[in-house]
Amino acid sequence: MGCYLDARTRALPRQLMASNATVESCLAAATAASLSYAGLQYGGECWGGSTMGEAPVSKAESECNMPCKANPAQICGGFWRNSIYSTSPTPTPTPTDTPTDPGCYTDDKTRALPRQLMASNATVESCVAAAAAASLSYAGVQYGGECWGGNTRGYKSVSSSECNMPCKANPAEICGGFWRNSIYPTMPTPTPTSTPTPTPTPTPTPPPPPPPGDARAFPGAEGGGALSLGGRGGRVIPVTTLADSGSGSLRACMTASGPRTCVFTVSGTINLKSYVTVGNPYLTVAGQTAPGGGIQVVSALASDAVTFWMSTHDTIIRHIRVRSGGTPFSYQPGSGSGLNGAYNNILDHVSLQYCGNDCISVSQPAGRYINNGVTLSWLLDAESIGSSTNRTGMILSSGDASLDAQVVDIDVHHSYLATHNHRFPKLGFGRMRLVNNIMFNSDYVWSQLEFAAQVDVIGNIYKEGSRSNGEHPIHMYPSGGKLSAYVANNVSSRYLTSSGAGDVAEWNALVRQTSAENGQDHGGGTIPSTSTYRRSSPHGTRTRGLNITPLALTGSGANLEALLLKDGPADGSGPVGASRRLDCEGNWVGCQDALDARIVNYCSGGGSPSSTHPNSSDLGRGIYTIPSLVSGSACAGLQTRGMPDAWVNYWKTQVSPAASDLTPTGKEVPAHLGWAAGYTNLDVYLSGMAPAL
37 MGCYLDARTR ALPRQLMASN ATVESCLAAA TAASLSYAGL QYGGECWGGS TMGEAPVSKA
97 ESECNMPCKA NPAQICGGFW RNSIYSTSPT PTPTPTDTPT DPGCYTDDKT RALPRQLMAS
157 NATVESCVAA AAAASLSYAG VQYGGECWGG NTRGYKSVSS SECNMPCKAN PAEICGGFWR
217 NSIYPTMPTP TPTSTPTPTP TPTPTPPPPP PPGDARAFPG AEGGGALSLG GRGGRVIPVT
277 TLADSGSGSL RACMTASGPR TCVFTVSGTI NLKSYVTVGN PYLTVAGQTA PGGGIQVVSA
337 LASDAVTFWM STHDTIIRHI RVRSGGTPFS YQPGSGSGLN GAYNNILDHV SLQYCGNDCI
397 SVSQPAGRYI NNGVTLSWLL DAESIGSSTN RTGMILSSGD ASLDAQVVDI DVHHSYLATH
457 NHRFPKLGFG RMRLVNNIMF NSDYVWSQLE FAAQVDVIGN IYKEGSRSNG EHPIHMYPSG
517 GKLSAYVANN VSSRYLTSSG AGDVAEWNAL VRQTSAENGQ DHGGGTIPST STYRRSSPHG
577 TRTRGLNITP LALTGSGANL EALLLKDGPA DGSGPVGASR RLDCEGNWVG CQDALDARIV
637 NYCSGGGSPS STHPNSSDLG RGIYTIPSLV SGSACAGLQT RGMPDAWVNY WKTQVSPAAS
697 DLTPTGKEVP AHLGWAAGYT NLDVYLSGMA PAL
C-alpha cells in the first residue's frame with residue numbers, strides 16, 4: 037500500500053515480530069491475528085492493526101529504504117517508516133457525489149476534511165493516493181502542499197480562482213489556497229513496482245529520528261535538539277519535596293518511565309547524595325514552574341563525577357540551577373536497545389556553577405548508538421572549581437577522531453561561558469555550530485577544534501577578563517581527523533575589536549594552529565592554511581533539529597551582550613541561566629539569584645573576578661557562596677495538571693467554542709493561538725501566556 041509515517045503512539049499498535057520479519061512472514065502473522073494491515077520497519081520489525089492509525093500520513097517510497105535483514109531483496113520500512121500491506125484487498129471508494137473536475141471549497145479551523153494526511157510537500161497525486169489508502173472518498177490540498185482527507189467535499193463551493201497556490205512539490209499543479217481546498221475524488225493507489233536499492237546498515241545502527249512534526253521542543257527552540265519531544269502528551273508528575281529521593285522527588289520524576297513532565301510545587305535547594313541516571317526517554321523538566329526563587333540542585337560529588345547522566349533521547353531540561361562539584365550534565369549514549377541512544381536532547385536556560393572537571397560533557401563511547409542532535413542554549417556556565425588545571429566549561433568530544441566523525445548536530449548557542457581555565461568549549465565532533473555566545477575570562481585556551489571537528493563559529497564574543505593572557509580565540513589542533521571551520525562575524529577584545537572585517541581577515545586575526553591538545557600560541561602562532569581548514573560557507577545540511585538564526589554583531593558586540601545578559605529572547609523567557617519563572621497567570625517574572633547576577637555583572641564591567649580560580653576550599657566563603665533561594669507558594673491546580681487554575685480559567689473563556697475544562701494534553705489553546713500542529717495546552721503554559729513564535 038505504500039510507505040507511511042509512524043510515531044511512538046504506533047499507527048499499527050500490535051507488535052507481531054520483534055526482528056527478522058519478511059513481507060511474507062509479517063503478512064502471515066497479521067492475517068493469523070485477524071488484522072487488516074501489516075507493517076514492516078527498521079529492517080525487520082513487524083506490526084499489525086485493524087486500521088492504519090487515526091490519521092495516516094503517506095511518505096515517499098524512497099523513505100522506506102531499509103532492506104529486510106532476513107531477505108535483503110525486500111524492503112522492510114525505515115526509521116519511523118512503515119511499509120504497509122493489506123491482508124485483504126482494499127475496496128476502492130465509490131463517491132456518490134463526485135465532481136468531474138476538481139472543485140475549490142472553503143475550509144476553516146473545524147476542518148471540512150478532518151484527517152490530515154500530509155503536513156507539507158503534497159502533490160495532487162500523492163494526496164489522492166493517501167486518501168484512497170485510508171479509504172476516504174475525497175482528498176483536499178491547500179496552502180501549497182497540505183493534504184487532508186474525508187468523506188464529504190467541503191463547506192461551500194467557491195470560484196476556482198480562489199484556489200490559486202501552486203504545489204510546492206510540483207508548481208505545475210494547484211494545491212488550494214488560504215483556507216481553500218482543491219478537492220479531488222479518490223482513486224486506487226498504484227502498487228509500487230520497483231524496489232529501492234538495498235543500502236548497507238552501519239554497525240552499531242544509529243537510533244531512529246523522532247517522527248517529524250511542526251512542533252518544536254518549545255517555541256523558539258533551535259539547534260540539534262530543537263525537535264525533542266520531551267514529555268509532550270504524557271503524565272504530569274509534580275515535584276513536591278526537596279528530598280534527594282522518594283515519592284515526589286525530582287529524582288523519582290526524572291527516572292520514571294514513559295512520557296512525563298516534571299513540574300514543581302516547591303522552591304529551594306535539592307541536595308543530591310548520589311548521581312541521577314536518566315535512562316528512560318521522553319522527559320521534560322520544567323524548572324520555570326517552581327514558585328519563589330526557583331530550584332537549584334547542589335551536589336558534593338567528586339570533581340570528576342557526573343550529577344545527571346543523560347543516556348537516553350528526547351529530553352528537555354529548562355530553568356534550573358546546578359551547583360555541583362562534578363560535571364552537572366553528561367550526554368552519553370548507553371549500551372543496549374535503540375532507546376538508549378542519547379540524542380534529540382535540549383538543555384536551555386540552565387545555570388551551571390562550581391563544576392569540577394567540566395560543566396557539560398557530550399561524549400560518544402565506542403560500540404554504542406550514535407549521539408546526534410543536542411542543543412545547549414541560553415546557558416550560564418561559569419566558575420568551575422578545583423585544585424587542578426582542568427576547571428573547564430564544556431567538552432564536546434569523545435577524544436577519538438573516528439568516533440567523533442560520526443557525531444553531528446551538536447550545537448551551542450546564545451550562552452555565556454565565564455571564568456574557566458579553558459574549553460570555551462573543546463570541540464571534536466563532525467558537524468557542530470557555535471553561534472552567538474559570549475566567552476569571558478579564560479586562563480589560557482578559548483575554543484579548541486581537534487579530532488574530527490567541523491564547526492561553524494558565528495557571531496561570538498571573546499572577551500578578556502583579569503585572567504586572560506593573550507591567546508587567540510580559536511585554536512585548531514590536527515589530531516588524526518579532518519578539521520574545518522567556517523568563521524564569521526566574531527569579535528575579540530584583543531585581536532578584532534569590531535565586527536565587519538570580512539571572513540578572511542577575521543580568520544587571520546582570530547585563528548591559530550597548535551601542536552598539542554590545549555596548546556598555547558602565546559600571542560603568536562601559525563595561521564592555519566585557508567585551503568586546508570577554512571570553509572567559505574556554513575554547513576548546508578542537518579540530520580537533527582532546526583537551523584539557528586544568528587544575530588549579526590554590531591561593533592564590539594554590544595547588541596549580543598544586551599540580548600544574552602539583559603533582555604533574553606523575544607518569547608520573554610529571560611537572559612541566560614535560570615533567570616525567570618512563570619507566575620500563576622502564565623507570565624514570565626524575574627528570579628535571577630545573587631550568584632548569577634554577580635557573574636553577569638562581571639562581564640558588563642561592574643567588577644572583576646579574582647586573579648585565580650576558586651579552589652574547592654573556597655566554596656562557601658565570601659563571593660563563592662551558594663545562595664539561599666526565596667521560598668514561595670505553588671499555584672493552585674499546578675500539582676494535578678501542570679497548569680494553574682488561574683491560567684486554565686482564563687483560557688477556557690478565550691477558546692472557541694468555550695471549553696468546560698482544559699487538559700494538559702488537549703490542544704484547544706494552541707489551536708486558538710494559531711500555533712503549529714502538535715503543541716498542547718501544557719506547552720502554551722510552559723512557554724508563557726502567548727509568546728511570539
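Taking the numbering used here, the leading residue of the sequence shown gets 37, the next gets one more, and so forth.
Note that CB positions come from ideal geometry on N, CA and C, so glycine has one too.
Within 9 Å, strictly: CB atoms of residue i and residue j
i: Y179; j: G212; result: yes
i: Y379; j: R252; result: no
i: R268; j: L718; result: yes
i: I494; j: V540; result: no
i: L738; j: T320; result: For the chain, the structure presents residues 37 to 729; residue 738 sits outside this window and is missing.
i: C639; j: L674; result: no
i: G622; j: M725; result: yes
i: Q774; j: G114; result: What is shown of the chain runs 37 to 729, which leaves residue 774 out entirely.
i: Q332; j: G304; result: yes
i: N477; j: R459; result: no
i: P509; j: L546; result: yes
Exposure label - residue i; buried when at least 16 CB within 10 Å
i: E60; result: exposed
i: G362; result: buried
i: W602; result: In the sequence as presented, Trp is not what sits at residue 602; that position holds Lys. The residue is exposed, with fewer than 16 neighbouring Cβ atoms inside 10 Å.
i: K95; result: buried
i: A47; result: buried
i: Q51; result: exposed
i: H558; result: exposed
i: G256; result: buried
i: F214; result: exposed
i: T134; result: The predicted position of T134 is uncertain, since its pLDDT is 33 and thus under 50; no value can be drawn from it.
i: T577; result: exposed
i: G7; result: Here the chain covers residues 37 to 729 and nothing more, so residue 7 does not appear.
i: Q690; result: exposed
i: G75; result: buried
i: T562; result: exposed
i: R479; result: Before going further, note that residue 479 is Asp rather than Arg in the sequence given. Classification for D479: buried.
i: G282; result: exposed
i: G641; result: exposed
i: D440; result: buried
i: D384; result: buried
i: T716; result: buried
i: V177; result: buried
i: T585; result: exposed
Nonlocal neighbours in the same chain, by C-beta distance under 6 Å from residue i, ignoring five residues either side
i: V720; result: V705, P706
i: W711; result: none
i: S615; result: Q628
i: V410; result: G260, G261, Y367, N381, V398, I446
i: G626; result: R616
i: L388; result: V358, P364, C395, D417
i: A288; result: none
i: P274; result: V299, T301, Q675
Cross-strand partners of residue i (DSSP beta bridge)
i: S534; result: Answer is none; S534 lacks a bridge partner.
i: C39; result: K95, S119
i: F33; result: Because the chain is modelled from 37 through 729, residue 33 falls outside the range shown and cannot be assessed.
i: W624; result: L618
i: T83; result: Correcting the residue identity first, residue 83 is Trp in this sequence and not Thr. The partner list for W83 (beta bridge, DSSP) reads Q51, G75.
i: V275; result: F300
i: M154; result: C183
i: R216; result: T142, G213
i: I406; result: Note: I406 sits in no beta bridge, so no partner.
i: Y522; result: D492
i: A175; result: G185, Y220
i: D384; result: R354, S413
i: I306; result: V333
i: R571; result: BP columns for R571 are empty, so no partner.
Same chain only: Cβ atoms within 8 Å of residue i, ignoring 5 sequence neighbours per side
i: Q110; result: T58, V59, P103, C104, T231
Cβ-based neighbour list, residue i, same chain, cut-off 7 Å, excluding 5 preceding and 5 following
i: G591; result: S534, S535
i: Y569; result: M512, L519, S520, A521
i: L600; result: H450, Y452, I474, P611, V612
i: S122; result: M37, S72, Y73
i: W624; result: G608, S609, G610, R616, L618, G724
Any chain C beta carbon closer than 9 Å to residue i
i: A552; result: Absent from the structure: chain C. Only one protein chain is present.
- Note down, one range per segment and in chain order, each alpha helix (DSSP H) of at least 4 residues found wholly within the region 421 to 507. Restricting attention to alpha helix (DSSP H) runs no shorter than 4 residues, the region 421 to 507 encloses them at 437 to 440, ordered along the chain.
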